[in-house]
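Q:
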Amino acid sequence: MNSLMSNPDLAQVLTPLPVLVPLLAAAMTLLAGRKPRLQRVITVLALSVVVAVSAALVYLADRDGTIALQVGGWGPTEPGMGPLGITLVVDRLSALMLIVSSIVLLAVIFYAIGQGIRDGDERQPVSIFLPTYLVLSAGVCMAFLAGDLFNLFVGFEVLLSASFVLLTIGASKDRVRAGISYVMVSMVSSMVFLLGIALVYGATGTLNMAELSVRLGDVPDGTRTALFAVLLVAFGIKAAVFPLSTWLPDSYPTAPAPVTAVFAGLLTKVGIYAIIRAHSLLFPGGGMDGVLLVAGLLTMVVGILGAIAQSEIKRLLSFTLVSHIGYMVFGIALSTELGMSGAIFYVAHHILVQTTLFLVVGLIERQAGASTLQRLGGLAAASPLLAFVFVVPALNLGGIPPFSGFIGKVALLEAGAQVGSVLAWILVAGSVITSLLTLYVVTRVWTKAFWRSREDAPEGHLSASAPTALLDNTEETMDIAVAERDDVGRMPVAMLAPTGALIAVGLLLSVLAGPIFAYTERAASEVLDRGQYITAVLGEPHR
Amino acid sequence: MTTYVFPLIIIGGLTTTGVYLLLERSLTRMLLGLLLISNAINLLILSVGGPRGNPPVRGRTSAGETTTADPLAQGLILTAIVITMGIAAFVLALTYRSYRLNTVEEVGNDPEDTRVSQQTGTESFDVDHGPGPDRTRDTDLPDELDALPGFEGSR
């Protein structure tokens with residue numbers, strides 16, 4: 056094992072696997088379309104391989120520094136020149152993103168399969184779900200590994216195309232309506248990204264990120280800021296940063312629970328990852344930091360105020376998702392090592408906690424036949440286990456001390472205080488208020504859905520006629536009286552276990568906060584330093 | 003490097019028309035707007051790729067050219083065209099499905115969003131507070147708290 060790990064070629068072999076394995080598995084699951092059991096085995100195996108490979112990459116990237124793979128051997132023709140072909144790069148940041156995403160992807164697929172088996176989609180034509188999910192996984196991994204801007208664009212397109220299919224799966228009325236606005240907004244953001252790529256190419260003559268990082272230094276300041284602004288708009292739409300965030304609560308809640316969970320966890324974070332790369336690697340020097348800080352503040356406050364007004368839990372969580380994107384933008388815009396480290400830690404924390412909460416809402420919806428506070432009540436008495444799996448991630452999201460949400464927020468607040476400018480202090484205050492309001496929002500869900508009795512809810516006597524399945528092929532789900540609803544039975548272990556596993560991983564983030572935070576600090580200094588990245592891709596020192 | 007004004011004017015025109023169409027509610031027009039914008043951007047990539055020249059294939063030349071045209075820009079455009087085509091096909095399918103379901107091909111409002119924005123104060127109060135205290139109960143009757151040791155006679 057030790058000799059294997061010390062082989063220098065190992066990293067080169069492992070790097071493309073997170074993209075290749077899910078894509079090949081997607082093709083295989085399509086071929087096995089008639090055999091649902093085989094499809095599931097292939098999917099779970101492929102995603103497990105991705106988890107293992109990502110874990111190895113975290114170890115290798117932390118030990119040996121940045122790994123660059125010149126795909127097909129089309130590397131730089133002479134040292135210091137840009138490579139001819141596609142480059143895949145793993146540094147500590149992308150390795151961390153890979154491992155957290157792959158864990159989430161694996162847990163959610165177990166949940167989705169469990170829900171599918173239990174709620175009977177054997178008869179339904181869902182053979183498209185697993186292949187699409189695998190393509191989505193490949194797209195997410197590709198975006199994290201991309202070493203040039205155009206490859207990042209292709210990664211985005213791959214994951215977006217897959218997400219279009221997943222969001223509109225079953226093509227019911229609601230999902231088509233939500234899907235259309237989602238597709239349109241995503242495509243506009245892709246067009247803005249492509250526009251940015253064209254302009255960057257026009258200004259520098261390259262798209263390789265390491266080479267750009269060197270060449271953009273020679274571009275006049277005004278042009279640089281303009282290029283950065285175009286890319287920020289594109290990434291801001293994907294990451295749902297405030298003025299560009301309104302599409303998210305509109306489209307996510309209608310999708311099936313596992314789909315919403317994985318979207319909420321991963322897709323916005325891919326945007327954040329792209330912002331980190333653009334901010335620190337391509338355009339260092341913080342030309343847009345003021346704008347980003349204000350955008351971060353507004354994202355936090357407006358997002359959480361939106362959440363307060365909602366009574367449908369999925370929409371409420373979508374608004375908290377938007378709101379907490381603000382924390383990461385805050386950390387990035389501080390341009391300090393501690394701020395970046397806090398932001399990276401917060402990304403990992405938020406992927407886990409937000410996914411878990413959406414999975415729990417899926418459980419609530421299945422057990423109680425509703426996901427709106429107007430109908431819910433008495434869940435704490437009806438199912439103490441459900442109450443437990445809700446309250447742990449909910450408190451984590453609110454930032455209650457032992458949990459990782461608290462650790463991430465403290466790091467960000469400390470970084471803000473360290474910078475000490477007026478705007479930074481305003482953001483510190485804004486984050487504290489947002490944190491309190493988040494706690495208020497989750498407490499509200501807790502007191503309404505879990506503590507009061509169902510008779511006290513304004514529409515507590517109503518319930519949906521059937522448990523929400525993955526494929527919503529009933530034209531209209533009817534409202535029926537709670538008493539008439541068929542008993543859906545106990546929570547399936549296959550749905551509960553992945554949720555519990557994600558909670559456990561989230562808790563691990565608090566238990567191992569010391570080593571993990573040390574890791575994110577190393578990742579942040581690597582990201583801000585740029586030298587390692589450039590040397591790994593371009594060869595010898597460039598200047 | 004010389005800049006050609008004509009492509010830039012076309013790019014501007016296509017983008018303007020594209021944005022105008024994209025702001026419509028009709029799905030077909032939105033799709034057309036999207037396609038126009040993507041064509042504008044492809045044209046932009048082509049024009050930032052430098053002047054015309056020999057085809058970027060070894061041993062092939064065009065009459066009167068001395069330099070080679072940028073192959074990367076052409077590669078980028080091809081990729082972008084393929085992606086846009088795929089998405090356009092998907093949007094058309096969605097549009098048709100939406101038309102079959104709603105018999106109009108327009109983007110609808112989010113019903114839950116509309117409901118929340120039209121909510122009156124009392125409705126959200128209902129969700130938050132439920133029905134008020136039980137007024138039918140005789141408040142002169144002793145509660146369980148009245149029986150606390152040491153407070154028996156406090157009433």
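So the protein sequences, as listed, match chains P and Y. In our numbering, each residue's number is its place in the first sequence (first place is 1) plus 55. In our numbering, each residue's number is its place in the second sequence (first place is 1) plus 2. All C-beta atoms, glycine included, are put in the ideal place defined by N, C-alpha and C. The structure presented is a predicted model; accordingly, all values stated were derived computationally and were not measured.
Using alpha carbons as the reference points, say which of GLU266(P), ALA253(P), VAL104(P), ALA82(P) lies closest to SER182(P).
A: ALA82(P)
Q: Smallest Cα separation from MET355(P): which of GLY225(P), LEU286(P), SER490(P), ALA101(P)?
A: Among GLY225(P), LEU286(P), SER490(P), ALA101(P), the Cα nearest to that of MET355(P) is on SER490(P).
Q: If I measure Cβ to Cβ from GLU530(P) and keep anything under 8 Å in the same chain, skipping five residues before and after, which residues do I get?
A: Because the pLDDT of GLU530(P) is 46, which lies under 50, any placement of that residue in the model is unreliable, and the question is left without a value.
Q: Measuring CB to CB, does SER396(P) end up less than 9 Å from ALA579(P)?
A: yes
Q: In three-state DSSP terms, what is GLN125(P)?
A: strand
Q: Can you find a C-beta in chain Y that's less than 9 Å from the C-beta of ASP534(P)?
A: no
Q: At the 9 Å Cβ level, is ARG598(P) part of the contact set with chain Y, yes or no?
A: In this prediction, ARG598(P) has a pLDDT of 46, which is less than 50 and means its spatial position is unreliable; what the coordinates show is noted afterwards. Interface residue (Cβ-Cβ distance to chain Y less than 9 Å): ARG598(P) is not classified as such.
Q: From this set, TYR328(P), GLY320(P), THR259(P), which residue's C-alpha is nearest GLY620(P)'s C-alpha?
A: The structure shown does not extend to residue 620(P), since chain P spans only 56 to 598, so no value can be given for it.
Q: Comparing C-alpha positions only, which one of LEU562(P), ALA484(P), GLY361(P) sits nearest to VAL465(P)?
A: ALA484(P)
Q: Leaving out the 5 sequence neighbours to the left and right, which residues in its chain are closer than 6 Å to THR69(Y) when beta-carbon positions are compared?
A: GLY55
Q: For a test of the three-state rule: what should DSSP assign to SER438(P), helix, strand or coil?
A: coil
Q: Measure the C-alpha to C-alpha separation of LEU25(Y) and MET264(P) and round it to an integer number of angstroms.
A: 34 Å
Q: Whose Cβ in chain P lies nearer than 8 Å to the Cβ of GLY110(Y)?
A: Within 8 Å Cβ-Cβ: ARG232.
Q: So THR19(Y) packs on LEU33(Y), CB below 8 Å; how close in whole Å?
A: With 8 Å as the limit, THR19(Y) and LEU33(Y) do not qualify as a contact, their Cβ atoms being about 13 Å apart.
Q: With respect to the beta strand (DSSP E) encompassing SER426(P), which residues constitute its N-terminal and C-terminal limits?
A: Secondary structure note for SER426(P): it is in no beta strand (DSSP E), with a DSSP letter that is neither H nor E.
Q: Could you pull out every residue in the same chain whose Cβ sits closer than 6 Å to the Cβ of ILE83(Y), ignoring the five residues on either side in sequence?
A: Within the same chain, and ignoring the five residues on either side of ILE83(Y) in sequence, no residue has its Cβ closer than 6 Å to its Cβ.
Q: If we count the other Cβ atoms within 10 Å of its Cβ and call it buried at 16 or more, is THR116(Y) buried or exposed?
A: exposed
Q: When you compare the CB positions of VAL592(P) and PRO73(P), do they come within less than 9 Å of one another, or not?
A: no
Q: Who are the Cβ neighbours of LEU492(P) in its own chain at under 6 Å, not counting the five residues just before and after it?
A: ILE359
Q: Going by DSSP, name the residue or residues bridged to GLY536(P).
A: Checking the sequence shown, residue 536(P) turns out to be Ala, not Gly. Bridge partners of ALA536(P): LEU517(P).
Q: Could you work out which residue in MET152(P), LEU93(P), LEU564(P), GLY127(P) is closest to PHE332(P) when comparing CA atoms only?
A: Looking at the sequence itself, residue 332(P) is Arg, so the reference to Phe does not match. ARG332(P) has its Cα closest to that of MET152(P), out of MET152(P), LEU93(P), LEU564(P), GLY127(P).
Q: Does the CB of VAL238(P) have a neighbour CB from chain Y at under 9 Å?
A: yes
Q: Where does the unbroken alpha helix (DSSP H) through THR554(P) begin, and where does it stop?
A: That run of the alpha helix (DSSP H) goes 548-566.
Q: Please determine, among PHE8(Y), VAL59(Y), THR97(Y), the residue with the shortest C-alpha to C-alpha distance to VAL109(Y).
A: Checking every option, the nearest Cα to that of VAL109(Y) belongs to THR97(Y).
Q: Residues of chain Y with CB under 7 Å from GLY257(P), in chain order?
A: VAL50
Q: Can you tell me whether SER119(Y) is buried or exposed? The criterion is at least 16 other CB atoms within 10 Å of its CB, across all chains shown.
A: exposed
Q: Within 10 angstroms of the Cβ of ASP273(P), are there 16 or more other Cβ atoms? Answer buried if so, exposed if not.
A: exposed
Q: Please state whether DSSP places LEU376(P) in a helix, a strand or coil.
A: LEU376(P): helix per DSSP, three-state reduction.
Q: Near LEU376(P), what residues of its chain come up, given a Cβ to Cβ distance below 6 Å and the 5 sequence neighbours on each side ignored?
A: ALA319, GLN409
Q: One question on the structure: do PRO313(P) and VAL163(P) come within less than 9 Å of each other, judged by their Cβ atoms?
A: Contact: yes.
Q: Could you please give the first and the last residue of the uninterrupted beta strand (DSSP E) stretch that includes THR142(P)?
A: Its beta strand (DSSP E) spans residues 142-145.
Q: Do SER218(P) and ILE154(P) have their C-beta atoms within less than 9 Å of each other?
A: no
Q: Could you tell me the alpha carbon to alpha carbon distance between LEU282(P) and SER245(P), rounded to whole angstroms?
A: Roughly 15 Å separates the two Cα atoms.
Q: Helix, strand or coil for ASP112(Y), going by three-state DSSP, please let me know.
A: Three-state DSSP puts ASP112(Y) in coil, outside helix and strand.
Q: Where DSSP assigns a beta bridge to ALA201(P), which residues make up the other side?
A: Residue pairing by DSSP places ALA201(P) opposite LEU143(P) in a beta bridge.
Q: For the segment 82-98 of chain Y, which residues have a CB atom closer than 7 Å to at least one CB atom of chain P, in sequence order?
A: Close to chain P, meaning a Cβ-Cβ distance shorter than 7 Å, are the following residues of the segment 82-98 of chain Y: ALA82, ILE85, GLY88, ILE89, PHE92, VAL93, LEU96.
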